[in-house]
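Undergrad: If you scroll down you'll find the structure; I have some questions about it.
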Amino acid sequence: MKPLLCLSVTQPWAWAIAEGLKDVENRSWRVSPKLMREIELSGGRILLHASKTITRSKYDGAVEYMVGIDVSKNVIPPQFTLERGGIVAEITLVGCFKRGACEISESRWNMGFPFGWLLRDAIKTPFIPCSGHQQMFQCPPRAWTELEEKRHETAMGA
31 MKPLLCLSVT QPWAWAIAEG LKDVENRSWR VSPKLMREIE LSGGRILLHA SKTITRSKYD
91 GAVEYMVGID VSKNVIPPQF TLERGGIVAE ITLVGCFKRG ACEISESRWN MGFPFGWLLR
151 DAIKTPFIPC SGHQQMFQCP PRAWTELEEK RHETAMGA
């Protein structure tokens, strides 16, 4: 079943999730039971949207955090090369846990926010430009169609 929801995340955090490095997305809000049911209907799969904007100071702060947890600075893409303003990956949202829950407490990506969203099974997708929204949002039908077309072209060797 196709993922119907997108989660917008700023770069370079979206890059770290798409690479399978970042397994907890830190949020001040929890996923509502209604959204979790919708996500469960798609097998837990959601699309990851890289937000369009990022300031230099936010990028530098993210890089500093990553280097502090032993992500090599050499593998983190420079700010100007990161894809922004579109779909970059498909991921599984395992669940949303309160701060201190054992499911997220051991992750080096857990930053002590009120909620941690446990992520798994990242699959990078072809970049699909589309507008994003804060929090979670419905995948625009045009973006889903374009993603499926690009996946088909890739599978056919085009």
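The opening position of the sequence shown corresponds to residue 31 in the working numbering, with each subsequent residue numbered one higher. Using N, Cα and C, we set each Cβ at its ideal position, and we do this for glycine too.
Hey, how far is the Cα of V93 from the Cα of N56?
TA: 16 Å
Undergrad: At what residue ranges does the segment 86-151 contain a whole run of the alpha helix (DSSP H), taking only runs of 4 or more?
TA: 86-98 and 132-135
Undergrad: Please list, in chain order, all residues of the same chain as V39 whose beta carbon is under 8 Å from its beta carbon, the five residues on each side excluded.
TA: I47, E55, L78, H79, A80 and S81
Undergrad: Tell me which residue opens and which closes the beta strand (DSSP E) that P84 is part of.
TA: First, the amino acid is wrong: residue 84 is Ile here, not Pro. Neither: I84 is in no beta strand (DSSP E) and is coded neither H nor E.
Undergrad: Among E178, E49 and I69, which residue has its Cα nearest to the Cα of G125?
TA: I69
Undergrad: Distance, Cα to Cα, G115 vs Q41?
TA: Approximately 10 Å between the Cα atoms of the pair.
Undergrad: Per the contact definition of three or more C-beta pairs closer than 8 Å, is the segment 62-76 in contact with the segment 127-144?
TA: Verdict: no, contact absent.
Undergrad: Can you name the start and end residues of the beta strand (DSSP E) that H182 belongs to?
TA: Premise fails: H182 lies in the alpha helix (DSSP H), P171 to A185, not in any beta strand (DSSP E).
Undergrad: With distance defined between alpha-carbon atoms, name the residue in G98, P144, M166 and G162 nearest to R138.
TA: G98
Undergrad: Confirm, please, whether the CB-CB distance from I134 to G146 is below 8 Å.
TA: yes
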